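S.K.:
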Amino acid sequence: MHNGEHELTAGPLPTHQDVARDVLGRFQDLGHRYWGWVTVLAFLFVLGIVGFIIRLSEGFSDENRANWGYFVATLAFIVTTFTAMPVISAGLRLAKANWRRPLTRVTENMAITGLLVVLMLIPALIALPSIEGRLSIWFEFPLGAPGVWDVIGYGTLAFIGLALLWGVALPDLAAARDHLPASQRQRVIKWLSLGWVGGTRQWRVLYQGSLLAGAMYLLTYPLVQTLMISDFHHGLIPGLKDAIIPATVVVNGLQGAVGMTLLTMYLMRRLGNYERYFSVEQFWALSKPLLAFSLLWFYFWWASFITFWYGRQPGESEVIRLLVLDEYRGALMISFFLNFIGPLIALVWNPVRRSVWGPALVGTGVVIGALVNQVRLYVSAFSVADPSQHVMHPRPATQWPDAPDLLIMVGAISGCVLLFMLVSKIIPVVSIWEVGEGLRLVKVRRYLNRYARVIAKSH
Amino acid sequence: MYYRRTLTDAQINRELLDVVLRTPMWWVVIVSILGLIVAGAASAFGFMMNQGLGVTGLQQPIFWGFFITNFIFWVGISHAGVMISAILRLSQAEWRRPMVRAAETMTVFALMTSLLQPLIHAGRPWRIFYWVFPYDWARGIWPDVRSPLVWDPTAIITYLTSSSLFVYTALIPDLAIIRDRSTGWRRTVYGILALGWHGNPRQWKLQGIAGILLSALILPVFVSVHSIVSWDFGVSLVPSWHVTVFAPYFVIGAVHSGVSAVVTLMILMRKLYKLENFIWEEHIDAVARLLIVVATAWLFFFWLDLVFALWLKEEQEMTVWHLRLFEPPWSWLFLVFIVCSYIIPVPLWMFRRVRRSFTWMLWTSLLVNVGMFLERLIIIVPALMRKGPWVFTYDTYRPSAVEVTLIVGSIALVAFLLMLFSKFFPLIPIWEEKEGQKLIDEVKVGDRVVPALVKEH
Chain P
13 MHNGEHELTA GPLPTHQDVA RDVLGRFQDL GHRYWGWVTV LAFLFVLGIV GFIIRLSEGF
73 SDENRANWGY FVATLAFIVT TFTAMPVISA GLRLAKANWR RPLTRVTENM AITGLLVVLM
133 LIPALIALPS IEGRLSIWFE FPLGAPGVWD VIGYGTLAFI GLALLWGVAL PDLAAARDHL
193 PASQRQRVIK WLSLGWVGGT RQWRVLYQGS LLAGAMYLLT YPLVQTLMIS DFHHGLIPGL
253 KDAIIPATVV VNGLQGAVGM TLLTMYLMRR LGNYERYFSV EQFWALSKPL LAFSLLWFYF
313 WWASFITFWY GRQPGESEVI RLLVLDEYRG ALMISFFLNF IGPLIALVWN PVRRSVWGPA
373 LVGTGVVIGA LVNQVRLYVS AFSVADPSQH VMHPRPATQW PDAPDLLIMV GAISGCVLLF
433 MLVSKIIPVV SIWEVGEGLR LVKVRRYLNR YARVIAKSH
Chain V
54 MYYRRTLTDA QINRELLDVV LRTPMWWVVI VSILGLIVAG AASAFGFMMN QGLGVTGLQQ
114 PIFWGFFITN FIFWVGISHA GVMISAILRL SQAEWRRPMV RAAETMTVFA LMTSLLQPLI
174 HAGRPWRIFY WVFPYDWARG IWPDVRSPLV WDPTAIITYL TSSSLFVYTA LIPDLAIIRD
234 RSTGWRRTVY GILALGWHGN PRQWKLQGIA GILLSALILP VFVSVHSIVS WDFGVSLVPS
294 WHVTVFAPYF VIGAVHSGVS AVVTLMILMR KLYKLENFIW EEHIDAVARL LIVVATAWLF
354 FFWLDLVFAL WLKEEQEMTV WHLRLFEPPW SWLFLVFIVC SYIIPVPLWM FRRVRRSFTW
414 MLWTSLLVNV GMFLERLIII VPALMRKGPW VFTYDTYRPS AVEVTLIVGS IALVAFLLML
474 FSKFFPLIPI WEEKEGQKLI DEVKVGDRVV PALVKEH
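Heads up: the sequence lines are chains P and V, in that order. Going by my numbering, the first residue of the first sequence is number 13, and it counts up by one from there. Going by my numbering, the first residue of the second sequence is number 54, and it counts up by one from there.
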């Protein structure tokens, strides 16, 4: 296809049956390696819970609010990467991108991390100071703001994500139900398949439902990121008035989602032998939005910076010093390199984009950069002693993570991967029906002096 | 979807070169009318130069009015070219083909018109040179090199140069076609412009590479132009202007108005130039889908601007927004703006029947641009009315007849230039249409034959 993987010829493409046989075969026998990884991840997750319990034992008060900075940064990182991944499949399905088919399930399975996000949100909300007397997006809105509304927002995102995951997986659950021998696992899958038989009406509902749920996820995600950044960052830093920051974190989320998808696909190729599904085409195609989001992230950041730089009002100057020039300069530099300079330098080159390693490497950098950026944004905000001031004074010192912080970060990230792996035991990680449908729409024909793919427009 | 009509190369040549190779009477009539309007606007400008800026509605403290609004409006319209042409070319959207040339050309003419606005706004344009360039070397006076009067022309002229290059590069194969069908001096001129194009594989390869490279290189320029215009506002401390979101808000607003203008232009072109074989319902359907996304993103930025304007609860900021939202005539204009820009068009575009109706799309796209013009006016004037805490005049800004004439003249000027362009060059790229025809195919899926497309890469 590309990158010397295989040249396009007039030979027959695999059929739907080939794909079903292959994916369900792997799905039936997960192997020792799978259980090895599950054990390691579960251990790390337990360590994270230990870190959380230590943090919890220190309690919640205005004096030790800074202790929760890394916890909130981890929560924001999960929202920015894992929970953002269904946006990729929803967007690509709406755009009818044919190359999406092998990777949609991987991204949708990550919707399960929405449950962990909702659980982590509760202590994060408790750690927040009262909105009385300080600036807030809620403008002293009475009905339980921000807690109730944040839980509703995050809960809605998690619910839509799970509905999307379950709804789109129904045909594959039915295929797994019919393929697996009778067992506890098969019974669970049978129950989850909701009696799917593939009738015309069922397919019509599935198509419409997947588009609707995808569109709702796409619309809810920016809302959740807006809640996150305004409640846990913007409202805690005196003098900060940055209207663009919700858009910046949404773009950072899309960047993180693409980066995490690339990383996941790479690991599945290496560890799960899924080369035939995650080919260069998927890496190449995803590298383009990754470059676009990287440029956009910088542009949004720059729009914010230049406005403050020229404004030079006392509050703005202190904010720039805290987040850009002094205390969190190092974090910004790392993030700047991994989220902008690195992708720009690497991905402008087509040979890098048209490879497996290139986009995967850049994607990994983007994910790390996203983590560092969340630390910069949220740890700094939670370190501010008095959010009710008009101008931040004094600026808080740089806060480094301690042992419980590190345990929480490692544990929460491992927890997300663990959830993904557990879901993959119930729902195949490659969407059999979508890949099969794609194969029916693609033909290889002679075009001028070479073979080319002809893609039918299903709509 | 995109291949309903199969056209031969000869038919494409004949239909797209119709106006280029002969001069229909309707073309003469329309160009004459537009020329008269432009002449009227030029006379109004002459009158204003003679009488001074007192003949406009500008007065203390509002020194930016219709001309600056119109400047931003036309810079916004110019964003259509790159959005349609460069981004859709890079993303290989097949439906781009009939609209790229018109969008690119409109970009160039809209930019030219936008550049005229600050000159007109200066009242006596030569004064701009005093403000921009050093005029007294002995004392080292360089009045204000950091002024927007330096930023904006630099950005716009860069964009104009690259857009013109973009139009020209894509025009070369078509120029060769016209050269081969012309005689006399026209053949000589088109021959020079065609740069010896013969369509050999090397030339096509270079042309393709140039198209892709220019598409990629023009994107940062595209974003920077309206960002810089927005920073004229954003980096000041005028209440409601000192907002970080202004740059992307202006850019996405520009794309919204620019792409809507392309829809208007395409529908008018289709009718006037009888391009039914090239501009189909499917094309405006696809643009309308794009517009739904763009408009919704724009609304998100507008919402951010509004919410964060109220964030610090500063009195002056609140006063400006109160003026915009609750005090006539601004409240009425605000209502018209939001209804025209989003509330009417976007819900209507959700319906496939509307998206595929040329009449509906013509009116809704026009509405968007009425709304977007008002948006710029509402951003500028109320903020200046309450710029300082001490306001000694509470009179509102009223554009004079001279200003209105010049605004109408600017619209006529862009239309006039587009009509002139269409007389000498095809408004739809002939080679792109032919290429599109070559990529058409059909595939049997189940018991149906469905349209298919050869994947370019």
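Cβ coordinates follow ideal geometry from the N, Cα and C atoms, glycine included. This structure is a prediction, so every number in the text was calculated from the model and none was measured.
Look at the alpha carbon of P:D254 and the alpha carbon of V:P292, and state the distance between them as a whole number of angstroms.
M.R.: The sequence position of residue 254 of chain P within the first sequence is 242, counting from 1. The sequence position of residue 292 of chain V within the second sequence is 239, counting from 1. About 14 Å.
S.K.: Looking at the unbroken alpha helix (DSSP H) that takes in V:I140, where does it start and where does it end?
M.R.: On the second sequence, position 87 is the one that residue 140 of chain V refers to. Looking at the DSSP string, V:I140 is not in any alpha helix (DSSP H), and its letter there is neither H nor E.
S.K.: From V:W127 to V:P171, what distance separates their C-alpha atoms?
M.R.: Reading the second sequence from its first residue, position 74 is the one you call residue 127 of chain V. Reading the second sequence from its first residue, position 118 is the one you call residue 171 of chain V. The alpha-carbon atoms of V:W127 and V:P171 are separated by roughly 12 Å.
S.K.: I'd like to check one pair, V:T109 with V:M102: are the Cβ atoms closer than 8 Å?
M.R.: To locate residue 102 of chain V, count along the second sequence from 1; it is residue 49. To locate residue 109 of chain V, count along the second sequence from 1; it is residue 56. For V:M102 and V:T109, no; Cβs fall outside 8 Å.
S.K.: Please report how far the alpha carbon of V:K508 lies from the alpha carbon of P:R465, in whole angstroms.
M.R.: For this step, residue 508 of chain V is matched to residue 455 along the second sequence. For this step, residue 465 of chain P is matched to residue 453 along the first sequence. Using only the alpha carbons, I get a separation of about 6 Å.
S.K.: How is P:Y286 classed by DSSP in three states: helix, strand or coil?
M.R.: In the first sequence, counting from the first residue as 1, residue 286 of chain P sits at position 274. Three-state DSSP puts P:Y286 in coil, outside helix and strand.
S.K.: Just the chain V side, please: which residues come within less than 8 Å of P:Y289 by C-beta, in chain order?
M.R.: If you number the first sequence from 1, residue 289 of chain P lands on position 277. What P:Y289 touches in chain V: nothing, since even the nearest Cβ is about 19 Å away.
S.K.: Taking the straight line between their C-alpha atoms, what separation do you get for V:V527 and V:I65?
M.R.: Since the first residue of chain V shown is 54 and the last is 510, residue 527 of chain V is not available in this structure.
S.K.: For P:V31, which residues in the same chain have their Cβ closer than 6 Å to its Cβ, ignoring the five residues on either side in sequence?
M.R.: As a first step, residue 31 of chain P must be located in the first sequence, where it is residue number 19. Answer for P:V31: I444, V447 and G448, listed in chain order.
S.K.: When the Cα atoms are used, what is the spatial distance from V:A63 to V:E486?
M.R.: What you label residue 63 of chain V is simply residue 10 of the second sequence in a count that begins at 1. What you label residue 486 of chain V is simply residue 433 of the second sequence in a count that begins at 1. Cα-Cα distance, rounded: 12 Å.
S.K.: Along the chain, where does the beta strand (DSSP E) containing V:K497 start, and where does it finish?
M.R.: Counted from its first residue, the second sequence places residue 497 of chain V at position 444. Run containing V:K497: I493 to V498, per the beta strand (DSSP E) assignment.
S.K.: Compare the beta carbon distance of P:L59 and P:G423 with 8 Å and say whether it is the shorter of the two.
M.R.: Counted from its first residue, the first sequence places residue 59 of chain P at position 47. Counted from its first residue, the first sequence places residue 423 of chain P at position 411. Their beta carbons are under 8 Å apart, which means P:L59 touches P:G423 by this criterion.
S.K.: Please name the residue or residues paired with V:Q112 in a DSSP beta bridge.
M.R.: Mapped onto the second sequence, residue 112 of chain V falls at position 59. For V:Q112, which the question treats as bridged, DSSP gives the partners V:I115.
S.K.: Which of the three DSSP states, helix, strand or coil, is assigned to V:V73?
M.R.: Against the second sequence, residue 73 of chain V aligns to sequence position 20. Of the three classes helix, strand and coil, the one that applies to V:V73 here is helix, per DSSP.
S.K.: Assuming the contact rule is C-beta atoms closer than 8 Å, V:E301 and P:I256 should be a hit. Round their C-beta distance to whole Å, please.
M.R.: By one-based count along the second sequence, residue 301 of chain V stands at place 248. By one-based count along the first sequence, residue 256 of chain P stands at place 244. The sequence given here places Pro at residue 301 of chain V; Glu does not occur at that position. Correct: roughly 7 Å between the Cβ atoms.
S.K.: On a Cα-Cα basis, can you pick out the residue from P:N285, P:L204, P:L169 and P:Y390 that is closest to P:Y46?
M.R.: In the first sequence, counting from the first residue as 1, residue 46 of chain P sits at position 34. Here the closest residue by C-alpha is P:N285.
S.K.: Quick one: what's got a C-beta closer than 7 Å to P:T168's C-beta in the same chain, skipping five residues either side?
M.R.: Here residue 168 of chain P corresponds to residue number 156 of the first sequence, with the count starting at 1. Closer than 7 Å at the Cβ level, and outside the excluded window around P:T168, lie T232.
S.K.: Using a threshold of 8 Å, state whether the C-beta atoms of V:L386 and V:L430 are closer than that.
M.R.: The count along the second sequence starts at 1 and reaches residue 386 of chain V at position 333. The count along the second sequence starts at 1 and reaches residue 430 of chain V at position 377. Yes, they are a contact pair.
S.K.: Within the 8 Å Cβ cut-off, does P:Y311 reach chain V?
M.R.: Taking the first sequence and counting its residues from 1, the one referred to as residue 311 of chain P is at position 299. Judged by the 8 Å Cβ criterion, P:Y311 is in contact with chain V.
S.K.: Take the Cβ of V:W254 as the centre, count every other Cβ of all protein chains shown within 10 Å, and call the residue buried at 16 or more, exposed below.
M.R.: Here residue 254 of chain V corresponds to residue number 201 of the second sequence, with the count starting at 1. Residue identity check: residue 254 of chain V is Pro in the sequence provided, not Trp. Flag for V:P254 reads exposed.
S.K.: When you compare only the Cα positions, how much space is there between P:I438 and P:T86?
M.R.: Position 426 of the first sequence, counted from the first residue, corresponds to residue 438 of chain P. Position 74 of the first sequence, counted from the first residue, corresponds to residue 86 of chain P. Distance between the alpha carbons of P:I438 and P:T86 is about 27 Å.
S.K.: What does the alpha-carbon distance come out to for the pair V:G287 and P:R67?
M.R.: In the second sequence, the residue the question calls residue 287 of chain V occupies position 234. In the first sequence, the residue the question calls residue 67 of chain P occupies position 55. About 42 Å.
S.K.: On the three-state DSSP scale, how would you describe V:Y326?
M.R.: Within the second sequence, residue 326 of chain V is the residue found at index 273, counting from 1. It is coil, neither helix nor strand.
S.K.: Anything in the stretch 290 to 320 of chain V with a Cβ closer than 7 Å to a Cβ of chain P? List those residues in chain order, please.
M.R.: Listed by position along the chain: L290, H295, V296, T297, V298, A300 and P301.
S.K.: What residue from P:R282, P:N351, P:A315 and P:E293 has the CA that sits closest to P:A304's CA?
M.R.: To locate residue 304 of chain P, count along the first sequence from 1; it is residue 292. Per the Cα distances, P:N351.
S.K.: How about P:G427 and P:L128: are their beta carbons less than 8 Å apart?
M.R.: Residue mapping note: residue 427 of chain P aligns to position 415 of the first sequence, counting from 1. Residue mapping note: residue 128 of chain P aligns to position 116 of the first sequence, counting from 1. Against a cut-off of 8 Å, the Cβ pair of P:L128 and P:G427 comes out as a contact.
S.K.: Is there a Cβ from chain P that is less than 8 Å from the Cβ of V:M54?
M.R.: Along the second sequence, one-based indexing puts residue 54 of chain V at 1. Low confidence applies to V:M54: its pLDDT is 46, below 50, so where it sits in the model is not reliable, and the reading given next is rough at best. Yes, V:M54 lies at the interface with chain P (some Cβ there is under 8 Å from its Cβ).
S.K.: Starting from V:F361, find everything on chain P with Cβ-Cβ shorter than 8 Å and list it in chain order.
M.R.: Locating residue 361 of chain V in the second sequence gives position 308, where the first residue counts as 1. Residues of chain P passing the Cβ test: K253, D254 and A255.
S.K.: For V:F355, decide whether its Cβ has a neighbour in chain P, counting only Cβ atoms nearer than 8 Å.
M.R.: Translated into positions along the second sequence, residue 355 of chain V becomes position 302. No, V:F355 lies away from the interface with chain P (no Cβ there is under 8 Å from its Cβ).
S.K.: Any heavy atom of the ligand FMN closer than 7 Å to the CB of P:R113?
M.R.: No copy of the ligand FMN appears in this structure; indeed no ligand is present at all.
S.K.: Note down, one range per segment and in chain order, each alpha helix (DSSP H) of at least 4 residues found wholly within the stretch 221 to 309 of chain P.
M.R.: The qualifying runs are 257 to 284.
S.K.: Quick one: give me the first and last residue of the beta strand (DSSP E) that P:Y459 is part of.
M.R.: Here the question's residue 459 of chain P lines up with position 447 in the first sequence. Per DSSP, P:Y459 belongs to the beta strand (DSSP E) from V454 to Y459.
S.K.: Do V:V421 and V:H279 have their C-beta atoms within less than 8 Å of each other?
M.R.: Translated into positions along the second sequence, residue 421 of chain V becomes position 368. Translated into positions along the second sequence, residue 279 of chain V becomes position 226. Not a contact, by the Cβ cut-off of 8 Å.
S.K.: Using a 10 Å radius around the Cβ and a threshold of 16 neighbouring Cβ atoms, would you call P:E485 buried or exposed?
M.R.: Residue coverage of chain P in this structure runs from 13 to 471, which leaves residue 485 of chain P outside it and unanswerable.
S.K.: If we call anything under 8 Å between Cβ atoms a contact, is P:T319 one with V:H132?
M.R.: Locating residue 319 of chain P in the first sequence gives position 307, where the first residue counts as 1. Locating residue 132 of chain V in the second sequence gives position 79, where the first residue counts as 1. The answer is no: Cβ separation not under 8 Å.
S.K.: In this structure, what does DSSP give as the bridge partners for P:V466?
M.R.: Taking the first sequence and counting its residues from 1, the one referred to as residue 466 of chain P is at position 454. Its beta-bridge partners are P:K455 and V:V507.
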